[in-house]
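Peer 1:
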Amino acid sequence: MSRPTTDAGDRAANPTGLAAVRDRFDAAVAPSLATVLGAVAFVSTAGVLALRLLRNALGGLPLVGHAVAPAVTTLAAVVPALAVLGLATEADARAERVALAAVGAFGLVGAADAAAWFPAAAAVLVGTTAGLAVALAERAHARVGAVDSLRAAFAPIARPSAVAALGTLALACSLAASAGFGTTTLRPAGAALVFATLAALPLARRLDGTVDLGLWVVAAFAVVVAAASAPFVAGAVALVAFDAGTVPLSLLALGIGGALATVAADARRRAFGPAIAAALLLCAGVPATLPRAVAFALGLLVLVREWAPAGRPAASEDLAPADRTATADRDRTATDGGGPGA
1 MSRPTTDAGD RAANPTGLAA VRDRFDAAVA PSLATVLGAV AFVSTAGVLA LRLLRNALGG
61 LPLVGHAVAP AVTTLAAVVP ALAVLGLATE ADARAERVAL AAVGAFGLVG AADAAAWFPA
121 AAAVLVGTTA GLAVALAERA HARVGAVDSL RAAFAPIARP SAVAALGTLA LACSLAASAG
181 FGTTTLRPAG AALVFATLAA LPLARRLDGT VDLGLWVVAA FAVVVAAASA PFVAGAVALV
241 AFDAGTVPLS LLALGIGGAL ATVAADARRR AFGPAIAAAL LLCAGVPATL PRAVAFALGL
301 LVLVREWAPA GRPAASEDLA PADRTATADR DRTATDGGGP GA
């Protein structure tokens with residue numbers, strides 16, 4: 001038997017060995033297209049966020065700010081929509097391609113013509129929901145053949161599904177309120193759901209380190225202290241930056257702190273896709289306008305797609321204790337040279 005064949009057999013029998021190390025190295029030095037597109041959209045979204053904060057802090061923009069404001073605002077509306085179209089080009093499932101193409105195309109149309117706002121908002125909501133559903137279904141299907149129990153098969157999608165559900169509800173409530181349906185009820189509900197989504201990120205992403213949880217606590221405490229020391233300024237910043245004037249302070253602090261802690265923790269463990277997605281969700285704020293909605297939708301899509309590599313065995317922290325033990329025993333048997341018949 002030739003040496004290349006032996007190496008291939010070794011990689012197949014021991015997925016935790018050299019092949020796994022190579023995969024992790026490749027992921028670190030070559031980020032996925034979704035991560036790159038999310039990063040580009042984050043830059044444009046963070047740019048318009050900084051512009052809003054400067055305008056509010058200085059009581060107006062300097063001459064240079066007035067000159068660049070139209071370009072920055074246009075980029076914040078166009079770049080996330082183009083990024084979603086870029087995601088559509090690499091989607092495997094036809095339904096996902098159509099859904100993402102609808103989000104991106106109608107996002108551009110809505111940004112170009114205010115008269116197309118209603119169909120664009122509906123397309124963004126429906127397309128995002130469909131894209132998330134297809135991505136989660138593909139992930140669940142890819143896991144079924146890799147584990148020994150149904151519980152273990154669906155464990156890896158339970159946490160991303162929860163975050164996606166919260167985010168989709170926030171998107172639906174915010175857009176419905178902007179369309180004039182139950183504005184007094186749905187607008188505060190949508191804003192609260194956005195920051196509930198952000199607050200759920202550290203729990204869903206399993207931030208268990210002292211540094212990570214400490215950063216969450218410190219960031220949340222800093223928001224509370226800032227709001228208590230300058231309530232009018234903090235309220236203005238929350239309203240202007242995130243459109244979150246109705247969100248309770250405790251939830252606002254937990255959401256901002258949770259997003260920052262998730263970004264730091266995922267960046268440290270080189271999970272750049274989820275880190276970029278968390279930052280994009282925070283900068284997008286409450287998706288009550290179409291540019292915010294498209295950026296928020298892109299954050300959810302990148303988060304679900306980059307949560308963990310689809311088709312690979314579930315990480316040990318995603319499994320129940322019994323399934324985790326069975327997976328470890330199976331890996332140890334493969335490493336030792338096979339099963340009973342070896």
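Numbering-wise (UniProt numbering), the sequence shown opens with residue 1 and increments by one.
A virtual CB, placed ideally from N, CA and C, is assigned to each residue, including glycine.
Owing to the predicted nature of the structure, the values given are computational and were not obtained by experimental measurement.
#1: Output the boundary residues of the alpha helix (DSSP H) element that contains residue 285.
#2: Kindly indicate which residue of 114, 266 and 218 has the alpha-carbon position closest to the one of residue 253.
#3: If we ignore side chains and look at the alpha-carbon of each, how far apart do residue 119 and residue 210 end up?
#4: Is the number of C-beta pairs between the stretch 164 to 179 and the stretch 122 to 135 that are closer than 8 Å three or more?
#5: Taking 7 Å as the threshold (C-beta atoms), are residue 105 and residue 88 in contact?
#6: Quick one: Cα of residue 81 to Cα of residue 220, how far?
#7: Do the stretch 287 to 299 and the stretch 226 to 241 meet, that is, are 3 or more Cβ pairs less than 8 Å apart?
#8: Give me the residue from 203, 228, 207 and 49 with the minimum Cα distance to residue 284.
#9: In the DSSP assignment, the alpha helix (DSSP H) including residue 210 goes from what residue to what residue?
#10: Between the Cα of residue 186 and those of 202, 174 and 195, spot the shortest distance and give me the residue it belongs to.
#11: Since residue 195 is in the alpha helix (DSSP H), which residue starts that stretch and which ends it?
#12: Which of the three DSSP states, helix, strand or coil, is assigned to residue 128?
#13: Quick check: the stretch 66 to 73 against the stretch 37 to 55, are at least 3 beta-carbon pairs closer than 8 Å?
#14: In the DSSP assignment, the alpha helix (DSSP H) including residue 250 goes from what residue to what residue?
#15: Which parts of the stretch 64 to 133 are runs of the alpha helix (DSSP H), unbroken and 4 residues or longer, counting only runs that do not cross its ends?
#16: What is the rounded straight-line gap between the Cα of residue 16 and the Cα of residue 308?
#17: Are residue 201 and residue 258 closer than 7 Å when you measure CB to CB?
#18: Which residue from 141, 124, 242 and 108 puts its Cα closest to that of residue 56?
#19: Would you report the Cα separation of residue 314 and residue 154, rounded to the nearest angstrom?
#20: Roughly how many whole angstroms lie between the Cα atoms of residue 66 and residue 208?
#21: Between residue 90 and residue 33, which are expected to be in contact by the criterion C-beta below 8 Å, what is the C-beta distance as a whole number of angstroms?
#22: Taking the C-alpha atoms as reference points, what is the distance between residue 126 and residue 204?
#23: Measuring alpha carbon to alpha carbon, tell me which residue in 212, 84 and 30 is nearest residue 128.
#24: Straight-line CA distance for residue 246 to residue 188?
#25: Write down the C-beta distance between residue 276 and residue 107 rounded to the nearest angstrom, noting that I regard them as a contact closer than 8 Å.
#26: So, is residue 161 buried or exposed, given that buried needs 16 or more other C-beta atoms within 10 angstroms?
#27: Cβ-heavy atom distance between residue 79 and the ligand COA below 6 Å?
Peer 2: Inspection of the coordinates gives the following:
#1: As a working note, residue 285 is residue 285 in the sequence shown. In the DSSP assignment, residue 285 falls outside any alpha helix (DSSP H), carrying neither H nor E.
#2: For this step, residue 253 is matched to residue 253 along the sequence shown. Minimum Cα distance to residue 253 is reached at 218.
#3: For the purposes of this step, residue 119 is taken as residue 119 along the sequence shown, with counting starting at 1. For the purposes of this step, residue 210 is taken as residue 210 along the sequence shown, with counting starting at 1. Rounded to whole angstroms, the separation of the alpha carbons of residue 210 and residue 119 is 46 Å.
#4: Flag = yes, the stretch 164 to 179 and the stretch 122 to 135 touch.
#5: In the sequence shown, the residue the question calls residue 88 occupies position 88. In the sequence shown, the residue the question calls residue 105 occupies position 105. Not in contact: residue 88 and residue 105 (Cβ atoms no closer than 7 Å).
#6: As a working note, residue 81 is residue 81 in the sequence shown. As a working note, residue 220 is residue 220 in the sequence shown. Straight-line Cα distance between these residues: approximately 31 Å.
#7: No, because fewer than three Cβ pairs between the stretch 287 to 299 and the stretch 226 to 241 fall closer than 8 Å, the two stretches do not touch.
#8: Locating residue 284 in the sequence shown gives position 284, where the first residue counts as 1. Considering only 203, 228, 207 and 49, the residue with the shortest C-alpha distance to residue 284 is 49.
#9: The sequence position of residue 210 within the sequence shown is 210, counting from 1. Counting along the chain, the alpha helix (DSSP H) containing residue 210 begins and ends at 210 to 229.
#10: Start at 1 with the first residue of the sequence shown, and residue 186 comes out as number 186. Nearest in C-alpha terms to residue 186, of all of 202, 174 and 195, is 174.
#11: Counting from one through the sequence shown, the residue named residue 195 turns up at place 195. Residues 183 to 204.
#12: As a position in the sequence shown, residue 128 is number 128, starting the count at 1. Helix at residue 128.
#13: These segments touch.
#14: By 1-based counting over the sequence shown, the position of residue 250 is 250. 249 to 268 is the extent of the alpha helix (DSSP H) around residue 250.
#15: Within the stretch 64 to 133, complete alpha helix (DSSP H) segments of at least 4 residues are found at 94 to 112, given in chain order.
#16: On the sequence shown, residue 16 is found 16 positions in, with the first residue counted as 1. On the sequence shown, residue 308 is found 308 positions in, with the first residue counted as 1. Its pLDDT being 49, under 50, residue 16 is placed unreliably in this model, and the value from its coordinates should be taken loosely. Going by the C-alpha atoms only, they are around 16 Å apart.
#17: Counting from one through the sequence shown, the residue named residue 201 turns up at place 201. Counting from one through the sequence shown, the residue named residue 258 turns up at place 258. One thing to note: residue 201 has its Cβ within 7 Å of the Cβ of residue 258.
#18: Within the sequence shown, the letter at position 56 stands for residue 56. Of 141, 124, 242 and 108, the residue nearest in Cα terms is 242.
#19: The residue given as residue 314 occupies position 314 in the sequence shown. The residue given as residue 154 occupies position 154 in the sequence shown. Interpretation of residue 314 is limited by its pLDDT of 41, a score under 50 that renders its predicted location unreliable; no figure is taken from the coordinates.
#20: Against the sequence shown, residue 66 aligns to sequence position 66. Against the sequence shown, residue 208 aligns to sequence position 208. Using only the alpha carbons, I get a separation of about 44 Å.
#21: Taking the sequence shown and counting its residues from 1, the one referred to as residue 90 is at position 90. Taking the sequence shown and counting its residues from 1, the one referred to as residue 33 is at position 33. In this structure residue 90 is in contact with residue 33, their Cβ atoms being roughly 5 Å apart against a cut-off of 8 Å.
#22: Here residue 126 refers to the residue found at position 126 of the sequence shown. Here residue 204 refers to the residue found at position 204 of the sequence shown. In this structure, the alpha-carbon of residue 126 lies about 24 Å from that of residue 204.
#23: Numbered from its first residue, the sequence shown carries residue 128 at position 128. Out of 212, 84 and 30, the CA that lies nearest to the CA of residue 128 is found in 84.
#24: The residue labelled residue 246 in the question sits at position 246 within the sequence shown. The residue labelled residue 188 in the question sits at position 188 within the sequence shown. For residue 246 and residue 188, the distance between alpha carbons rounds to 6 Å.
#25: Taking the first residue of the sequence shown as 1, we reach residue 276 at position 276. Taking the first residue of the sequence shown as 1, we reach residue 107 at position 107. Incorrect: roughly 19 Å between the Cβ atoms, too far for contact.
#26: Numbered from 1 along the sequence shown, position 161 holds the residue referred to as residue 161. Its Cβ being crowded by 16 or more others within 10 Å, residue 161 is buried.
#27: Looking at this structure, you won't find the ligand COA or any other ligand, since it has none at all.
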